[in-house]
Amino acid sequence: MCKQANQVDSKLKTVTSGDQTEVLIKGRWYSIKDFARKHPGGRIVNFYRGKDASQAYREFHTRSTRADKWLKNMKSRPAKEGESVVDTDALTKDFVQLRKDLEAEGFFKPDYVHVCFRFAEIIAMHAIGLYLAFNGWLMTGIAILGVAEGRCGWLMHEGGHNSLTGHIPTDHFLQVLTYGLGCGMSAAWWRNQHNKHHAMPQKLEHDVDLNTLPLVLFNLDAAAHQKKAPKSKTWIRMQALLFPNLICSLVAAFWQLYLHPRHALRTKHYAELVCMAARWGFIFAYLPQFYGFWNVFACAVLANGIGATYIFCNFAVSHTHLPVVKADDDVSWVIYSAKHTMNVDSGAFGWVDWWMSYLNFQIEHHLFPSMPQFRHPIVSKRVKALFEKHGVPYLRMSYVDAMKTTFGNLDQVGHAFYG
Numbered sequence: 001m002c003k004q005a006n007q008v009d010s011k012l013k014t015v016t017s018g019d020q021t022e023v024l025i026k027g028r029w030y031s032i033k034d035f036a037r038k039h040p041g042g043r044i045v046n047f048y049r050g051k052d053a054s055q056a057y058r059e060f061h062t063r064s065t066r067a068d069k070w071l072k073n074m075k076s077r078p079a080k081e082g083e084s085v086v087d088t089d090a091l092t093k094d095f096v097q098l099r100k101d102l103e104a105e106g107f108f109k110p111d112y113v114h115v116c117f118r119f120a121e122i123i124a125m126h127a128i129g130l131y132l133a134f135n136g137w138l139m140t141g142i143a144i145l146g147v148a149e150g151r152c153g154w155l156m157h158e159g160g161h162n163s164l165t166g167h168i169p170t171d172h173f174l175q176v177l178t179y180g181l182g183c184g185m186s187a188a189w190w191r192n193q194h195n196k197h198h199a200m201p202q203k204l205e206h207d208v209d210l211n212t213l214p215l216v217l218f219n220l221d222a223a224a225h226q227k228k229a230p231k232s233k234t235w236i237r238m239q240a241l242l243f244p245n246l247i248c249s250l251v252a253a254f255w256q257l258y259l260h261p262r263h264a265l266r267t268k269h270y271a272e273l274v275c276m277a278a279r280w281g282f283i284f285a286y287l288p289q290f291y292g293f294w295n296v297f298a299c300a301v302l303a304n305g306i307g308a309t310y311i312f313c314n315f316a317v318s319h320t321h322l323p324v325v326k327a328d329d330d331v332s333w334v335i336y337s338a339k340h341t342m343n344v345d346s347g348a349f350g351w352v353d354w355w356m357s358y359l360n361f362q363i364e365h366h367l368f369p370s371m372p373q374f375r376h377p378i379v380s381k382r383v384k385a386l387f388e389k390h391g392v393p394y395l396r397m398s399y400v401d402a403m404k405t406t407f408g409n410l411d412q413v414g415h416a417f418y419g
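The opening residue of the sequence shown carries number 1 in the numbering used here; numbering runs sequentially from there.
Written out as structure tokens, the structure is:
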């Protein structure tokens with residue numbers, strides 16, 4: 001898109017509070033000294049030390065009355081002249097107004113019929129997949145079970161963003177069930193990590209989704225900011241071929257068998273451990289009584305690999321090939337969504353919307369993370385108009401082009417890393 005006369009600068013003005021123990025929210029500086037230990041969302045609050053966190057606070061705490069109560073009780077002071085830049089640039093002002101309009105029009109309200117359909121879908125897919133797998137349609141059943149596992153990942157993602165029922169405890173409970181039973185993973189771990197990604201997507205030393213070594217590398221600039229180095233030159237050079245199925249399967253297995261159970265145990269999320277145990281008990285204790293252990297084991301490994309490949313490859317198209325933000329740079333909430341994520345077109349009859357559970361609208365999802373995701377296609381037209389008004393690119397590709405770009409980037413980075 002060509003530049004327009006009113007194109008915005010992606011950088012924010014630097015705001016400082018005199019020290020790095022305060023964050024700016026809606027014109028007031030709040031002391032966060034020692035607050036990270038108490039913050040329910042973890043150390044993500046440290047990302048905004050000395051910075052304007054107004055948009056992030058609004059989007060992360062849309063439905064949380066508890067957060068507003070905490071904020072009122074925190075030590076604060078009004079921002080001095082020149083310290084506050086909240087809502088002052090034209091793009092942010094218009095974004096804030098758009099958000100208010102969308103909220104008033106009901107776009108953030110949950111749809112319980114839609115939620116029931118989503119859960120009915122994954123239950124039906126598991127039932128059909130199990131029946132087919134053990135009644136003469138083995139590979140078809142395994143494929144359906146793999147996709148069902150991936151769709152549990154899509155569904156729990158929405159629960160983690162509090163956009164299913166709109167009631168935070170209920171959404172988190174549904175996320176625990178869906179992620180624990182459906183994927184064998186920890187909802188609390190996911191929320192802790194994923195919120196860091198949403199706070200500052202593609203920002204070095206902030207977005208945890210950039211920390212992918214030693215198994216895979218999506219961006220050359222990210223390599224120098226990671227603690228782990230690749231174990232094999234050949235592996236990285238071949239990562240475009242290895243990523244679907246093998247790398248995705250290894251990541252999923254590491255999460256399921258070590259990282260997520262350890263986190264749930266360490267943080268005392270015992271309900272998550274119960275759900276994980278129930279999943280593995282059903283697969284490896286109950287089913288083998290009828291079909292034999294090794295038959296069930298082989299089917300489970302294949303289905304797990306399909307599920308991991310399905311969801312990780314589809315997530316990869318949204319960010320991994322886009323530019324990163326330097327660790328010491330700051331960009332606005334809207335620019336993070338505009339320049340460091342992208343959309344995938346809905347395709348014929350909206351098949352991509354179903355296949356990616358509406359997360360093909362990543363721009364809208366990053367702008368409004370607590371909005372029910374099935375409303376993103378409608379909202380996208382107004383977001384696109386907002387971006388065009390301010391000369392901001394609205395990045396979008398077809399599904400095929402997005403996959404080509406993603407795997408082309410993997411191949412290019414893999415070969416360029418070692419020269």
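Quick reminder that beta carbons are idealized off the backbone N, C-alpha and C, glycines included.
1. Mapping DSSP to helix, strand and coil, what is Leu-155?
2. First and last residue of the beta strand (DSSP E) that includes Trp-29?
3. If I follow the unbroken alpha helix (DSSP H) through Pro-78, where does it start and stop?
4. I'd like the span of the beta strand (DSSP E) that includes Val-23, first residue to last.
5. Can you confirm whether the stretch 267-286 touches the stretch 194-210 when touching is taken to mean that 3 or more C-beta pairs between the two stretches lie within less than 8 Å?
6. Helix, strand or coil for Asp-330? Go by DSSP, reduced to three states.
7. Using C-beta distances below 7 Å, list every residue in its chain close to Ala-240, excluding the 5 sequence neighbours before and after it, in chain order.
8. For Tyr-399 and Pro-78, I'd like the C-alpha separation in whole angstroms.
9. How many angstroms separate the CA atom of Trp-235 from the CA atom of Phe-35?
10. What would DSSP say about Lys-231, mapped onto helix, strand or coil?
11. Tell me, please, whether the stretch 331-346 touches the stretch 366-375 by the rule of three or more beta-carbon pairs shorter than 8 Å.
12. Tell me the DSSP secondary structure of Asn-343 in three-state form.
13. Taking all protein chains shown into account, decide if Gly-27 is buried (16 or more other Cβ within 10 angstroms of its Cβ) or exposed.
14. Return yes when at least one heavy atom of the ligand COA lies under 6 Å from the C-beta of Met-74, else no.
15. Could you say which of Arg-63, Ala-253, Arg-43, Trp-29 lies nearest to Ala-53 if we only look at CA atoms?
16. Using 10 angstroms around the beta-carbon of Asn-135, count the other beta-carbons present and answer buried if the total reaches 16, otherwise exposed.
17. In the DSSP assignment, the alpha helix (DSSP H) including Trp-354 goes from what residue to what residue?
On the basis of the coordinates in this document:
1. DSSP places Leu-155 in the helix class (H, G or I) of the three-state scheme.
2. Secondary structure note for Trp-29: its beta strand (DSSP E) is the uninterrupted segment 28-31.
3. Pro-78 -> not in any alpha helix (DSSP H); beta strand (DSSP E) instead, spanning 76-78.
4. That run of the beta strand (DSSP E) goes 22-25.
5. Look at the beta carbons and you see the stretch 194-210 not touching the stretch 267-286: under three pairs across the two are nearer than 8 Å.
6. Coil.
7. The residues are Phe-407, Leu-410, Asp-411, Gly-414.
8. Using only the alpha carbons, I get a separation of about 47 Å.
9. In a straight line, the C-alpha of Trp-235 is about 42 Å away from that of Phe-35.
10. If DSSP states are grouped into helix, strand and coil, Lys-231 belongs with coil.
11. Between the stretch 331-346 and the stretch 366-375, the count of C-beta pairs closer than 8 Å reaches three or more; the two stretches touch.
12. The answer is strand: DSSP assigns Asn-343 an E or B state.
13. By the neighbour-count rule (16 or more Cβ atoms within 10 Å), Gly-27 is not buried but exposed.
14. Questions concerning the ligand COA fall outside what the structure shown contains, since it holds no ligand whatsoever.
15. Distance check between Ala-53 and each of Arg-63, Ala-253, Arg-43, Trp-29 places Trp-29 closest, using alpha-carbon atoms only.
16. With a threshold of 16 other beta carbon atoms within 10 Å, Asn-135 falls short and is exposed.
17. Segment 351-355, the alpha helix (DSSP H) holding Trp-354.
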